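Chemist: Residue numbers (this note's numbering), protein chains in the order written: chain A, 1 to 253; chain B, 254 to 506; chain C, 507 to 813; chain D, 814 to 1120. Note that the Cβ used here is the ideal one computed from N, Cα and C, for glycine as well. Note that this is a predicted model, so its numbers are computed, not measured. Have a look at the structure that comes next, please.
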Ligand SMILES: Cc1cc2nc3c(=O)[nH]c(=O)nc-3n(C[C@H](O)[C@H](O)[C@H](O)COP(=O)(O)OP(=O)(O)OC[C@H]3O[C@@H](n4cnc5c(N)ncnc54)[C@H](O)[C@@H]3O)c2cc1C
Ligand SMILES: Cc1cc2nc3c(=O)[nH]c(=O)nc-3n(C[C@H](O)[C@H](O)[C@H](O)COP(=O)(O)OP(=O)(O)OC[C@H]3O[C@@H](n4cnc5c(N)ncnc54)[C@H](O)[C@@H]3O)c2cc1C
Ligand SMILES: Cc1cc2nc3c(=O)[nH]c(=O)nc-3n(C[C@H](O)[C@H](O)[C@H](O)COP(=O)(O)O)c2cc1C
Ligand SMILES: Cc1cc2nc3c(=O)[nH]c(=O)nc-3n(C[C@H](O)[C@H](O)[C@H](O)COP(=O)(O)O)c2cc1C
Ligand code: FES
Ligand code: FES
């Protein structure tokens, strides 16, 4: 009845070496931060679906942005325009908008993917947005112009200084944490999220992060994707209770 | 060092519904009746290679003709020009030429695939060839003109009478068994081969058939593909001792 | 053409068709309700339920493997009291609910049954004596025939509802365990639970699962499961629910022909949320095409043809 | 950079690298010799050899399964006398030859050893006490610790060459069998042999294999094999050759890190005839990239990091 889609591939673009943008026909009414579970193979190897965040979503388009890291994403990247993609979604929690007038958004690498959706929503809501985009190097700062176009303040950090500031992105963002009456949003590698959570806590900002975990079902049934959550006896599921969590819930020790 | 090839796909043609002809760049010096072991997937499902006979082979081309019956052949059919195919071969025994002046060649369905190679060899050797081609219906009589062009006598049988004689192909071929001083060659479903073997035995013709079996290694190492052979204590392997056997060796009870 | 009769009877419970989701792979049904009408299922087997709430194992709990997956959930569940509500909610769907019961001692299994036994919603218990992910002894129950017989006998005294005993495949001779369960008074058997396996992350140079080992499920284990179903259905008289690697009607038909009276589908739900209803339809189509009036005609059919 | 030291020592035999083809998957070497220089192998394990010639099981003997395959070859082999020649021919390649020995009784195992023991070409025996496809008792040896200890003790008296005992995975507790083999005097262990499985052809409505059941191998079984290698290397002191589902260096590294001193590759040869030499290279590359001087440094590494 719901949630299982077979969408036609309209475009499969290599946006940087090892990074693909996939445009599908059909909207799935996803919120920023939600994801889809993509079936990458008709065979039983790889066996599980692959979770990919909604990068951009309109009434008649769903766009995914992903990094080719292993066999599943390689199979996805090999699919061509005209083929059909089997996916479940939208799944999971989304980034909540708050009553703060401004937002600090921190992206690490491919963690930028779901934040595009969020930046659009923040813009629509009239928030003052500062976006901090970190990556290993210039090539891995994907779709820079498109991100830049959505925000008031755009800053880049790279590990090798090939674009923006040579720094880790959290370092670059620290002054914004301190000065702005902002809600903080972040997606990226776990150490980055932990540092964002720490800074937000220190400066008293409410903060939401998107986590990753190995998923199986993606719909909350298998209890495989759990994380410990502060003050809860039961583990919580990344796939339905997340992937977006309040930072203080999941980074608490 | 030998036998493992990665050949570029030049053409993938649908020659009839459910039947493909695949043309590869590069020759592998195969003899009529030999086959190749094709890797249809990079993943472990399907796990095993698929055996496909050499349909036609020149110095710089290898052509396979196959029926899409299951997942493996469907994956093969999905491969496109420009892609590379990993295959082992040539493998197995071949159809021997004899000193008889004429040949009776009987094909059942996709069993015609390796016989194309054989018809070429017989023609080259100056034999008088009668070719009997049976299939369920006209559509499954593949590449009729190409087969017809290679032989002196060409006859068709279909189960439904949509082309040639409405008969089983062995029935159609029986007079040739009786009248010609011929060597008999056949490839097709097992009941057909058994009947060919019986007729050849009855009329005292030497007869060679190509068998199928489930293979694993395809090179003689696993002993998985065996058939009992007359007068032999040990089973023989279809992949190296066959697929071509003297009919009397394998149909003996 | 009349559509084939798909009903089967397991442990006295009549199922509209022989297909059910396997325990632990379908929660308490709520997660898959948005995908299809749960009334299309023969039964629903809910998550392993313990007397007390159970936090389960720490993450990571999952690893993908060739043709399958490892899990080490460790029986995370809200406990029997909280489960009552979920089970009752599920029952609204009118499909028989089978409660998978887990514990670390005979007393704990008994407690679960006592906490649930008044619920009309509970059609039967599936006693999980085979969970490989519980260190305190879950496995021990499943590997010793005498212990199994004793446990079943004790639980037999605790309820009038049917008892389905779920067997572990991690044993030398599963028929001995099956016979012990039958002797103890089991109404039916479920098999197989997962095979005990593990995976190592060669970059981090350590086991992938926090629990070290986990249970292997999915298509990879199908040949082992099918062999055990064949063996067990030759060894006991009570009906068997077959499972392990089923991902569609063709697989389910193999299990039925091997002797299973019904089948359960686990990990394949994760790949295809519609796998259960699709399997029901595929079985029905096969029966119709091959002229069988009832699914019961094909139960054990491969054995009959096997001299 | 110096290339890493790949040598390992198993049961007193020094191997140039830790990779060998598994028994029954490489014949007597001749079939794969056209594909690569056999001297790139650490050792060659030949087909299960019995005292008398053995016809094996009737066909069909093979079935493909998800991520693997079933086989029921049934030990077809030319017998020990005929095998002498093949083994001697193979030795020309200078790679240590390990002879897989099979039988239906202790006496038959002994006979094979007596018929081959004078051959300098034989570096060690791998005693197959675990073939699931031989009805007359092959399995029985592999499932009872006392019988295993007794058999090994008896064979220990029959030869001075190293004895590698190959264990069956179809048991409740493989560590008990492993310890019994060690106590009996085994120099090393091989594990795992195939898991017992079956398949049914739903169109013909009968089992696919003429032998009914067969041995499951290939990637599908890797998690089970790895778990058993981890368990056994924690339970015994003698070295273990790990196998089951290895299809490349990453898999092999998992087994080495789990505690295996060397690895064997079976069914994957059928998919990729170059899998053995490619695995050797892949292990070497991994060691070099990660700064290990010798493969011995990674044996059991995942255990050391595992508190
Ligand atoms: C909710 C959610 C949303 C996601 N959104 C995106 C997205 O928008 N774009 C994108 O590129 N990726 C996204 N990911 C990650 C993506 O799912 C994985 O990269 C993908 O599943 C890897 O599959 P693979 O078969 O290519 O790699 P595998 O062969 O499975 O693994 C390759 C390597 O990647 C590592 N890996 C695998 N899965 C993960 C994971 N989930 N997290 C971290 N490392 C992993 C493995 O350990 C291994 O080293 C998301 C993950 C989650 C849970
Ligand atoms: C030496 C040899 C040469 C061959 N040459 C050709 C050829 O030139 N052209 C061609 O089209 N086919 C040929 N075949 C048959 C071909 O190998 C099979 O059709 C193919 O392996 C099926 O793979 P699949 O994954 O598509 O089907 P699967 O999914 O494996 O099986 C689909 C159906 O086909 C049946 N099937 C599978 N393999 C065989 C088989 N070997 N024989 C009979 N039935 C089978 C299965 O039982 C099943 O019902 C040859 C086989 C052999 C042994
Ligand atoms: C994530 C997961 C959780 C499971 N939890 C349980 C459980 O709580 N109780 C139980 O008896 N079996 C449990 N199982 C085992 C399944 O019910 C089933 O027996 C097994 O997975 C084999 O079937 P499959 O290959 O179709 O998954 C679980 C399996 C998986 C994959
Ligand atoms: C076709 C085939 C034949 C085998 N024959 C033997 C044998 O003769 N003796 C033996 O000890 N093991 C035999 N085995 C088992 C393998 O040596 C190996 O233990 C098992 O296949 C697991 O490894 P794999 O998954 O890499 O194949 C055989 C396996 C296969 C696939
Ligand atoms: S992936 Fe199954 S509960 Fe989250
Ligand atoms: S397929 Fe292995 S011997 Fe023929």
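Kindly list the residues whose CB is nearer than 8 Å to the CB of residue 75 (chain A), restricted to its own chain and excluding five residues on each side of it in sequence; keep chain order.
Modeler: Closer than 8 Å at the Cβ level, and outside the excluded window around residue 75 (chain A), lie 40, 41 and 46.
Chemist: Return yes when the C-beta of residue 367 (chain B) is under 7 Å from any heavy atom of ligand 2, and no when it is not.
Modeler: Checking every heavy atom of ligand 2 against the Cβ of residue 367 (chain B), one is found closer than 7 Å.
Chemist: Using a cut-off of 8 Å between C-beta atoms, extract the partners of residue 1082 (chain D) located in chain B.
Modeler: In chain order: 470 and 474.
Chemist: Among C:737, C:712 and C:529, whose alpha-carbon lies nearest the alpha-carbon of residue 765 (chain C)?
Modeler: Comparing Cα-Cα distances from residue 765 (chain C) to each of C:737, C:712 and C:529, the minimum goes to C:737.
Chemist: If distances are taken between C-alpha atoms only, which option among B:322, B:297, B:320 and B:280 comes closest to residue 309 (chain B)?
Modeler: For residue 309 (chain B), the nearest C-alpha among the options comes from B:280.
Chemist: Span of the alpha helix (DSSP H) holding residue 782 (chain C)?
Modeler: Per DSSP, residue 782 (chain C) belongs to the alpha helix (DSSP H) from 781 to 795.
Chemist: Go ahead and label residue 69 (chain A) buried or exposed: buried means 16 or more other beta carbons lie within 10 angstroms of its beta carbon, across all protein chains shown.
Modeler: Per the 10 Å Cβ criterion, exposed.
Chemist: Could I get the ranges of all uninterrupted beta strand (DSSP E) runs contained in the stretch 658 to 696 of chain C, with 3 residues as the minimum, in chain order?
Modeler: 669 to 672, all fully within the stretch 658 to 696 of chain C.
Chemist: Have a look at residue 849 (chain C) and residue 526 (chain C) and give me their C-alpha separation to the nearest angstrom.
Modeler: Examination of residue 849 (chain C) is not possible in this model, given that chain C is present from 507 through 813 alone.
Chemist: What residues sit near ligand 1, counting only those whose C-beta is closer than 5 Å to one of its heavy atoms, in chain order?
Modeler: Result: A:35, A:50, A:51, A:52, A:53, A:66, A:67, A:69, A:70, A:71, A:72, A:73, A:110, A:113, A:212 and A:243.
Chemist: For a minimum of 4 consecutive residues, which ranges assigned as the alpha helix (DSSP H) are wholly contained in the stretch 1008 to 1057 of chain D?
Modeler: For the stretch 1008 to 1057 of chain D, whole alpha helix (DSSP H) runs of length 4 or above, ordered along the chain, are 1035 to 1048.
Chemist: Name, please, each residue of chain A whose Cβ falls closer than 7 Å to the Cβ of residue 298 (chain B).
Modeler: Within chain A, the residues near residue 298 (chain B) are 43, 44 and 45.
Chemist: Could one say the Cβ of residue 1010 (chain D) lies closer than 8 Å to chain A's Cβ atoms, at least one of them?
Modeler: By this cut-off, residue 1010 (chain D) is not an interface position.
Chemist: Going by beta-carbon coordinates alone, are residue 593 (chain C) and residue 552 (chain C) separated by less than 8 Å?
Modeler: Yes, these two residues count as a Cβ contact at 8 Å.
Chemist: For the candidate residues B:402, B:418, B:488 and B:463, whose alpha-carbon lies nearest to that of residue 363 (chain B)?
Modeler: Among B:402, B:418, B:488 and B:463, the Cα nearest to that of residue 363 (chain B) is on B:463.
Chemist: May I ask you to list the residues that DSSP assigns as paired with residue 437 (chain B)?
Modeler: For residue 437 (chain B), which the question treats as bridged, DSSP gives the partners B:357 and B:460.
Chemist: Quick check: what's the CA-CA separation for residue 535 (chain C) versus residue 716 (chain C)?
Modeler: When rounded, the distance between both Cα atoms is 27 Å.
Chemist: Tell me whether the beta-carbon of residue 879 (chain D) lies closer than 8 Å to the beta-carbon of residue 779 (chain C).
Modeler: Contact flag unset, no.
Chemist: Is residue 529 (chain C) a contact residue of ligand 3, with contact defined as CB to any heavy atom under 7 Å?
Modeler: Under cutoff, so the answer is yes.
Chemist: Show which residues of chain B have a CB atom less than 7 Å away from the CB atom of residue 877 (chain D).
Modeler: Result: 299, 300 and 301.
Chemist: For residue 7 (chain A), return the contacting residues in chain C, with the cut-off set at a CB-CB distance below 8 Å.
Modeler: What residue 7 (chain A) touches in chain C: nothing, since even the nearest Cβ is about 16 Å away.
Chemist: With a threshold of 16 other CB atoms inside 10 Å of the CB of residue 494 (chain B), please say whether the residue is buried or exposed.
Modeler: When all chains shown are included, residue 494 (chain B) counts as buried.
Chemist: Using the Cβ count rule (16 or more neighbours within 10 Å means buried), how would you classify residue 696 (chain C)?
Modeler: Result: buried.
Chemist: Which residues share a DSSP beta bridge with residue 1082 (chain D)?
Modeler: Beta-bridge pairing links residue 1082 (chain D) to no other residue.
Chemist: Closer than 8 Å by beta-carbon distance: list the chain B residues that pair up with residue 839 (chain D), in chain order.
Modeler: Within chain B, the residues near residue 839 (chain D) are 474.
Chemist: State the DSSP-derived secondary structure class of residue 46 (chain A), mapped to helix, strand or coil.
Modeler: In the structure shown, residue 46 (chain A) sits in coil (DSSP, three-state: anything other than H, G, I, E or B).
Chemist: Measure from the C-beta of residue 523 (chain C) to each C-beta in chain D and report whether the shortest distance is under 8 Å.
Modeler: It does not; no Cβ of chain D falls within 8 Å.
Chemist: Would you please verify whether the beta carbon of residue 537 (chain C) is less than 8 Å from any beta carbon of chain A?
Modeler: Chain A contact via Cβ: present.
Chemist: Is the CB-CB distance between residue 202 (chain A) and residue 103 (chain A) below 8 Å?
Modeler: No, these two residues do not count as a Cβ contact at 8 Å.
Chemist: Hey, how far is the Cα of residue 741 (chain C) from the Cα of residue 684 (chain C)?
Modeler: C-alpha separation (whole angstroms): 8 Å.
Chemist: If you measure between the beta carbons of residue 1075 (chain D) and residue 908 (chain D), is that distance less than 8 Å?
Modeler: Contact: no.
Chemist: Give me the residue from C:694, C:676, C:585 and C:609 with the minimum Cα distance to residue 747 (chain C).
Modeler: Cα-wise, what sits closest to residue 747 (chain C) is C:694.
Chemist: Can you tell me where the alpha helix (DSSP H) holding residue 145 (chain A) begins and where it ends?
Modeler: Start and end: 144 to 148.
Chemist: Does the beta-carbon of residue 480 (chain B), which I'm using as the reference point, lie nearer than 7 Å to any heavy atom of ligand 2?
Modeler: No, since every heavy atom of ligand 2 falls outside the 7 Å radius drawn around the Cβ of residue 480 (chain B).
Chemist: Between the stretch 215 to 228 of chain A and the stretch 130 to 140 of chain A, can you find at least three pairs of beta-carbon atoms closer than 8 Å?
Modeler: With a cut-off of 8 Å, the stretch 215 to 228 of chain A and the stretch 130 to 140 of chain A do not count as touching, because too few Cβ pairs lie within range.
Chemist: Go ahead and pull the three-state DSSP assignment for residue 346 (chain B).
Modeler: DSSP places residue 346 (chain B) in coil when its eight states are reduced to three.
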